[in-house]
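Written out below as structure tokens is the structure these notes cover.
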Amino acid sequence: MCPGVESDKPGACPKCGMALERNLAVPLPGAKAGYTCPMHPEVHSDTPGSCPICGMALEPVAASAAEEEDPELRDMRRRFWFGLPLAAIVFLLAMSEHIPGFHPLSGTVSAWVQFILSTPVVLWCGWPFFERGARSLVSRHFNMFTLIALGTGAAWIFSVASLLLPGLLPGHAGHGGAPIVYFEAAAVIIILVLLGQVLELRARAGTGEAIRALLKLAPKTAHRVTEEGEEDIDLSLVHAGDRLRVRPGESVPVDGVVLEGSSSVDESMITGESLPVEKSAGASVTGGTINGSGSLLMEAKHVGNETVLARIVQMVAEAQRSRAPIQRLADQVAGWFVPAVLAVSAVTFLVWWLLGPAPALAFAVVNAVAVLIIACPCALGLATPMSIMVAVGRGAGMGVLIKDAEALETLSKVDYLVLDKTGTITEGKPAVVAVRAVPGQSEEDVLKLAAILEGRSEHPLGRAVVDAARSRKLIIGEPEDFSAITGGGVKGRWNSQEVAVGSREFMESVGAKFDATLDPEAASLRKTGSTVVWVALGDQILGFLAIADQVKATSAEAIARLHELGLKIVMLTGDHADTASHIAGQVRIDTVIAEVTPEKKRDAISKLQAEGHRVAMAGDGVNDAPGLAAADVGIAMGTGADVAIASAGITLVKGDLLGIVNAISLSKATLSNIRQNLAFAFLYNTLGVPIAAGVLYPVFGLLLSPIVASAAMSLSSVSVITNALRLRRVKL
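Straight run, no breaks: the sequence shown in the UniProt record's numbering ends on number 732.
Okay, here's the thing in structure tokens:
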């Protein structure tokens, strides 16, 4: 809960007092080490300790694939098992006079035995709570340990004073003149809090399973192929350019390209796609995917923290530590909650002491302690971060990478989804289907000139032009000059002449003159879904290329499901209106806005936002970056340009629109889960504090034992975490 609080060793957050949580980042060269708090990710420390805000033990930043036992969990478990039998004996002695047929020790002797047995429980087993509670009083960051330390400390000190200095509390003796003591309350509360910490730490470990699963995908070794033969080396020794052998059934060690062999590769753990993908020479492979029955020889391209798997793990880890806007509500409440509880406890003490029945002081102490114990704000603090951690991990397993918690929360509120066409709705693998030249020009010259410029372009249409030229064995030279106008076209010089390739509007902007003889055929091709790209030499149009791109097989289904989720779908594309309308009709898109520049895409999104809509945009190209940045949530197709991914809050590893359906469904489920947690935490404290203060006593004669209050407090945190863990299995 404390971003920025990190430590190299386990411990408690210096702000909130919660146990620091392992930041599940991949242990790669240059990875950030230390310890951090699960409730306050801004808390960072080079050594173990406790969070200065909430008091929780700090957890390691870096994760490993192995499930190592948390030192904080081990320490709490040791203290619990040591104190449990002692606290049980103290409890039985305190309750013995109420057990039929049991002959208890005399009141004074029993009190001394309880003192001797409870002291190590309170002072040793409960020492971490008192330490964190004292730190919170000094720093004025009040937290759950403030209340636990004050409550159990007050009960124990009152009991010691009653036993050792009976004259100090005249009129407050029990049966037979024995001192009134609450050693059993102090001891049992410590044990119950320890039990709650053990259960909570074990449950919190479950939120890191998604990243551990990702880390386990990478093999520990790789088979490097050299001139001398094959050798097994540690994965950390693999360098870019190394040739590696991937045997049947093994994990691909790093990202690279297949040199020899063919096989089917299971990429489901990275993309969420269940069907294996066929790989052969020239195909790219991703580290962590599982090779099928064939043997592959590959060349390493990206290693260490540059691999897709490493970047996914890092993104997931950072997202799990981010804070959702809804967390601000809990933060605001927590800011005044503990001081308010301290005030309520003080008022409870005074009312019972001044107006309560005899022994008034004893009633005052017990009820004031019950208020302090039951009002633990831990459940409130855990409500949001636990749900975010589980949801981000669940998303990663489906190929949905969430940059931060704010993007996840905002995505649940969008009502408009804006889609780019090429690479988002369509495959993004266009091909030249026709080349047309004006009379007196050859189709080869038109294609060659276009390929010379497009060879320097990163646009999918440019790659299609180059592939078509190469398939015709055309010699492609280098332009003497080159510039790309995003959303328009490209221009440059060839043999000292100006060459331009792009849309009709772009041609007009560079002063090219059109020949109307090609217009009818160009219009006909556009109506069937082809994109028309014109080619000009100097101020003369030489001809055009028709480039077609297939609609993705899942686009229609995904858009239908998005409509079911209540979203309006808008296509924003720089393509011609006829082409865009044809594609939109195939997948039933609500609104089409064509022939727009990247700036106009941004303006269209801003207009929707000005009308009061929450807008998400999905795209994959450089020209989509302004729109992705302007949208309330940007969704990048993982197969697209790096700048698009950098501008987005959500990345779909597979680049499939069904991933957007999963992302929106997950965001809605997460927000619902967070609201459930917050509602439970608020309701728990709203009901628990007045009951502990004794509001039911005048009417029903009921009081809440501090022991019962402690059990309820511990279970509240565990309940919140358990509810958050349901997100791992919720149907989307």
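In this text, a Cβ means the ideal position worked out from N, Cα and C, and glycines have one as well. All values derive from a computational prediction rather than experimental measurement.
So residue i is in the beta strand (DSSP E); what residue range does that whole segment cover?
| i | result |
| --- | --- |
| isoleucine 593 | 591-593 |
| serine 264 | 263-266 |
| lysine 279 | 277-279 |
| arginine 463 | Run containing arginine 463: none in the beta strand (DSSP E); it sits in the alpha helix (DSSP H), 460-471. |
| lysine 731 | Premise fails: lysine 731 is in no beta strand (DSSP E) and is neither H nor E. |
| glutamate 478 | Unbroken run through glutamate 478: none, as it is neither H nor E. |
| lysine 301 | 296-302 |
| phenylalanine 684 | Per the sequence shown, the amino acid found at residue 684 is tyrosine instead of phenylalanine. Per DSSP, tyrosine 684 belongs to no beta strand (DSSP E); it is in the alpha helix (DSSP H), 658-693. |
| leucine 419 | 416-419 |
| leucine 449 | Not the beta strand (DSSP E): leucine 449 falls in the alpha helix (DSSP H), residues 443-454. |
| glycine 634 | 633-637 |
| alanine 134 | Not the beta strand (DSSP E): alanine 134 falls in the alpha helix (DSSP H), residues 127-139. |
Pull up the distance between the alpha-carbon of residue i and that of residue j, whole angstroms please.
| i | j | result |
| --- | --- | --- |
| isoleucine 650 | aspartate 632 | 11 Å |
| serine 457 | histidine 141 | 56 Å |
| threonine 424 | lysine 403 | 19 Å |
| proline 71 | arginine 77 | 10 Å |
| glutamine 114 | glutamate 184 | 7 Å |
| valine 344 | valine 414 | 42 Å |
| proline 626 | histidine 576 | 20 Å |
| threonine 531 | leucine 657 | 22 Å |
| alanine 692 | valine 369 | 9 Å |
| asparagine 367 | proline 385 | 32 Å |
| residue 810 | alanine 629 | Not covered by the structure: residue 810. The range shown for the chain is 1 to 732. |
| aspartate 266 | glycine 304 | 21 Å |
| tryptophan 127 | leucine 408 | 39 Å |
| glutamate 595 | alanine 431 | 20 Å |
| serine 387 | serine 665 | 14 Å |
| glycine 511 | lysine 448 | 21 Å |
| isoleucine 589 | proline 598 | 20 Å |
Would residue i and residue j qualify as a contact pair, given that the criterion is a beta-carbon distance under 8 Å?
| i | j | result |
| --- | --- | --- |
| glycine 83 | methionine 713 | no |
| leucine 93 | serine 110 | yes |
| isoleucine 541 | valine 435 | no |
| methionine 617 | valine 418 | yes |
| histidine 582 | glycine 529 | yes |
| leucine 572 | alanine 604 | yes |
| leucine 244 | arginine 224 | yes |
| alanine 222 | isoleucine 233 | yes |
| valine 400 | leucine 727 | no |
| aspartate 549 | glutamate 427 | yes |
| leucine 732 | alanine 679 | no |
| valine 570 | threonine 591 | yes |
For residue i, count neighbouring Cβ atoms within 10 angstroms of its own Cβ and tell me buried if that reaches 16, exposed if not.
| i | result |
| --- | --- |
| leucine 296 | buried |
| lysine 473 | exposed |
| glutamate 59 | buried |
| asparagine 662 | buried |
| tryptophan 81 | exposed |
| histidine 459 | buried |
| asparagine 143 | buried |
| phenylalanine 363 | buried |
| aspartate 519 | exposed |
| serine 483 | exposed |
| asparagine 495 | exposed |
| proline 325 | exposed |
| glycine 395 | buried |
| glycine 477 | exposed |
| threonine 146 | buried |
| threonine 47 | exposed |
Tell me where the alpha helix (DSSP H) around residue i begins and ends.
| i | result |
| --- | --- |
| tryptophan 156 | 144-164 |
| leucine 562 | 555-564 |
| isoleucine 569 | Element bounds for isoleucine 569: not the alpha helix (DSSP H) but the beta strand (DSSP E), 568-572. |
| leucine 608 | 598-610 |
| glutamate 406 | 405-411 |
| aspartate 578 | 577-587 |
| valine 109 | 107-120 |
Where DSSP assigns a beta bridge to residue i, which residues make up the other side?
| i | result |
| --- | --- |
| lysine 491 | Ser483 and Ala500 |
| glycine 229 | Thr226 |
| lysine 513 | Gln540 |
| serine 547 | Per the sequence shown, the amino acid found at residue 547 is isoleucine instead of serine. In DSSP, isoleucine 547 forms a bridge with Val432 and Thr531. |
| tyrosine 35 | Ser45 |
| asparagine 291 | Val265 |
| residue 747 | There is no way to answer for residue 747, as the model of the chain reaches only from 1 to 732. |
| residue 756 | Outside the shown range of the chain (1 to 732) lies residue 756, about which nothing can therefore be said. |
| leucine 244 | Arg224 and Met298 |
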